[in-house]
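Per the numbering used here, the sequence shown starts with residue 1392, numbered consecutively.
In this text, a Cβ means the ideal position worked out from N, Cα and C, and glycines have one as well.
One structure below.
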Amino acid sequence: MKRFLTATAALALTSGMASAEYNLTILHTNDFHARFEPISKYDSGCSAEDDGEGKCFGGSARLVTAIAEARARSNNSILVDGGDQFQGTLFYTYYKGALAAEMMNKLGYDGMTVGNHEFDDGPEVLRGFMDAVNFPVLMSNADVSNEPLLADKLAKSTVIERGGEKIGLIGLTPEDTDELASPGDNITFSDPVAAVQGEVDRLSAEGVNKIIVLSHSGYRTDQRVAAETTGVDVIVGGHSNSLLSNSSDRAEGPYPTMVGDTAIVQAYAYGKFLGELNVTFDDAGNITEAKGEPILIDGNVAKDAETAARIAEAAAPLDKIRNKVVAETAAEIVGVREDCRAKECAMGNLIADAMLARVKDQGVEIAIQNGGGIRASIDAGEVTMGEVLTVLPFQNTLSTFQVTGETILAALENGVSEHEEEAGRFPQVAGMSYAFDVSKPAGSRISDVMVGGAPIDLAKVYSVVSNNYVRNGGDGYDMFKAAQNAYDFGPDLADVTAEFLAANGPYSPYTDGRITAK
1392 MKRFLTATAA LALTSGMASA EYNLTILHTN DFHARFEPIS KYDSGCSAED
1442 DGEGKCFGGS ARLVTAIAEA RARSNNSILV DGGDQFQGTL FYTYYKGALA
1492 AEMMNKLGYD GMTVGNHEFD DGPEVLRGFM DAVNFPVLMS NADVSNEPLL
1542 ADKLAKSTVI ERGGEKIGLI GLTPEDTDEL ASPGDNITFS DPVAAVQGEV
1592 DRLSAEGVNK IIVLSHSGYR TDQRVAAETT GVDVIVGGHS NSLLSNSSDR
1642 AEGPYPTMVG DTAIVQAYAY GKFLGELNVT FDDAGNITEA KGEPILIDGN
1692 VAKDAETAAR IAEAAAPLDK IRNKVVAETA AEIVGVREDC RAKECAMGNL
1742 IADAMLARVK DQGVEIAIQN GGGIRASIDA GEVTMGEVLT VLPFQNTLST
1792 FQVTGETILA ALENGVSEHE EEAGRFPQVA GMSYAFDVSK PAGSRISDVM
1842 VGGAPIDLAK VYSVVSNNYV RNGGDGYDMF KAAQNAYDFG PDLADVTAEF
1892 LAANGPYSPY TDGRITAK
């Protein structure tokens, strides 16, 4: 079993004897979500004017420069990704995984794990992406043997060489990916701890003593994997969009977060940061030092001109759609994940109100939108279709259906059941109100449910509108699968929201107490 040694202890143990230290720089990204162009401080699109004034972040052209500079600081480096390259902007809608593959090949990645969004369009698009990239894509905690497209292609782990040393890479994806995306019926997902330990043991038996897990499982799960496995040196994380840092007041934890012998890192999302972890191993594969800090990819990082030109070329077919001004808002509409996955948020109210307004003439009384489907804020002023599509990138359609009040209550309980994890199932609503208490056990947190100003009737059948992802059981909403009179093929949610904004412009965002935390 490996031991984490301080630099001082390592020197004391090795004084007077030959020792070969091995230094490795681990460069990493996660949750890029098709942000090939620079982003604003709202993680949404950034205008050319603002970009020229240095107000924007990220983008593939700046990443090329930042990665090249980081590699120049190290004589031994790898570049890896923690998953969710797919989905998030019109670039993905238009190109699916092709542009991501092109850019990742250009940047020179050495490996990535499968994120849940890599399954948004089923195994077919993931397989096409894997065929296009020249690095391994990994996933250990799933059985793909019954999925012909992936059975002989998607490995659990791999071994790469750098500086004469073997490094084991293991992939990890959310255990509930079948609820979060569309992997199909042929893939089953399993516990991350057992899956990782199995691959560690296999790699160790082959003489590999430097092991890195590429994990798209979230910061909390990464800490559990670190605590409950042996032999893992580094976990490069994703999924929870956690900024780990030793300098930012917004950090969720230190960079790296040490759990036992294991160093855990994550670098927020959307290409806004490049993680840079410098690790020193002794000749037995023990970490003697692990230090670093995510690099902010801001306006001070120069763009690579060739890459910028290629992204501009790729953007040309998209511009007519996304540059169209569709509405105006009087103030910023807040749609950040820390709000919309935890409490009533202004963007959640907008979307739920828009859904309900669209189908109210059909007798629909309640709207439910999963907070995880809300992906960005919109700043004050003119609103373009591109901004709306960044908030709602999934091409979800309106779904109408009928369920009892008892089922509504079960749905709300599901929605707040993983509040501590900032899970995407948190329910933003319209036409109703509710309270929740996270000090109570999951399954008994909801109270004070009102529909149309009256207490919910558990026996009554209500007409509901949501999106097709939630209606078909996404984010744990399995109770909606058996709904009566379900119709999943309504208009695109982004179009519905844009039209509602236009009809109510200039729109004034608000919260009104429809969701209360006790």
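The C-alpha of V1829 is placed about 8 Å away from the C-alpha of V1807. Taking the Cβ atoms as the reference, D1512 lies roughly 6 Å from K1487, within the contact range of under 8 Å. In this structure, DSSP gives Y1853 an extended state, which the three-state scheme calls strand.
Between the beta-carbon of A1733 and that of V1725 there is about 12 Å, and that puts the pair past the 8 Å contact cut.
A straight line joining the alpha-carbon of F1526 with that of G1502 spans about 5 Å. Between the segment 1862 to 1877 and the segment 1800 to 1815, the count of C-beta pairs closer than 8 Å reaches three or more; the two stretches touch.
Nearest neighbour of I1712 by Cα position, chosen from L1454, Y1825, A1885, turns out to be A1885.
Within the same chain, and ignoring the five residues on either side of N1577 in sequence, the residues whose Cβ sits closer than 6 Å to its Cβ are N1537, E1538. Annotated as proximal: L1709 and F1482, with beta-carbon spacing under 8 Å. Distance from the CA of P1574 to the CA of F1510, rounded to the nearest whole angstrom, comes to 5 Å.
Approximately 6 Å separates the beta-carbon atoms of T1612 and P1583; this is inside 8 Å, confirming the contact. With 16 or more neighbouring CB atoms inside 10 Å of its own CB, K1547 falls in the buried class. A distance of 8 Å or more separates the beta carbons of L1470 and L1541. For Y1825, the number of other beta carbons within 10 angstroms of its own is at least 16, and it is reported as buried. Here E1412 is not near D1744, since their CB atoms are 8 Å or more apart. Every beta strand (DSSP E) stretch that sits fully inside the segment 1443 to 1496 and reaches 3 residues is listed by chain position as 1468 to 1472. The distance from the Cβ of F1477 to that of A1533 is about 17 Å, inconsistent with a contact at the 8 Å cut-off. For Y1500 and V1604, the gap between their C-alpha atoms comes out near 15 Å. Across the set S1790, G1772, E1719, R1862, the C-alpha of S1790 shows the shortest separation from the C-alpha of L1747.
The beta carbons of Q1793 and V1855 sit closer together than 8 Å. In terms of Cβ geometry, G1449 and Y1610 do not form a close pair [threshold 8 Å]. In the structure shown, T1902 falls within a coil segment according to DSSP collapsed to helix, strand and coil. In the structure shown, D1501 adopts coil according to DSSP, grouped into three states. Shown here for M1776: same chain residues with a beta carbon closer than 7 Å to its own, the five before and five after excluded, namely I1712, R1713, K1715, V1717, A1889 in chain order.
The residue from C1437, D1441, V1670, E1570 with its alpha-carbon nearest to that of N1859 is E1570.
As for any beta strand (DSSP E) of minimum length 3 sitting wholly inside the segment 1700 to 1727, the runs are 1716 to 1720, ordered along the chain. The segment 1871 to 1880 makes no contact with the segment 1695 to 1707, as fewer than three CB pairs between them are under 8 Å. In terms of Cβ geometry, A1850 and G1796 form a close pair [threshold 8 Å]. DSSP places P1818 in the uninterrupted beta strand (DSSP E) bounded by 1818 to 1821. For N1600, no beta strand (DSSP E) encloses it, and the DSSP letter there is neither H nor E. Judged by DSSP secondary structure, M1746 falls within the alpha helix (DSSP H) whose first and last residues are 1737 to 1750.
In the DSSP assignment, M1870 falls outside any alpha helix (DSSP H) and carries neither an H nor an E. Per the coordinates, the alpha-carbon of K1432 lies some 36 Å from the alpha-carbon of P1832.
As for any beta strand (DSSP E) of minimum length 3 sitting wholly inside the segment 1410 to 1443, the runs are 1413 to 1420, ordered along the chain. Less than 8 Å separates the beta-carbon of A1767 from that of T1781. Approximately 5 Å separates the beta-carbon atoms of V1599 and K1557; this is inside 8 Å, confirming the contact.
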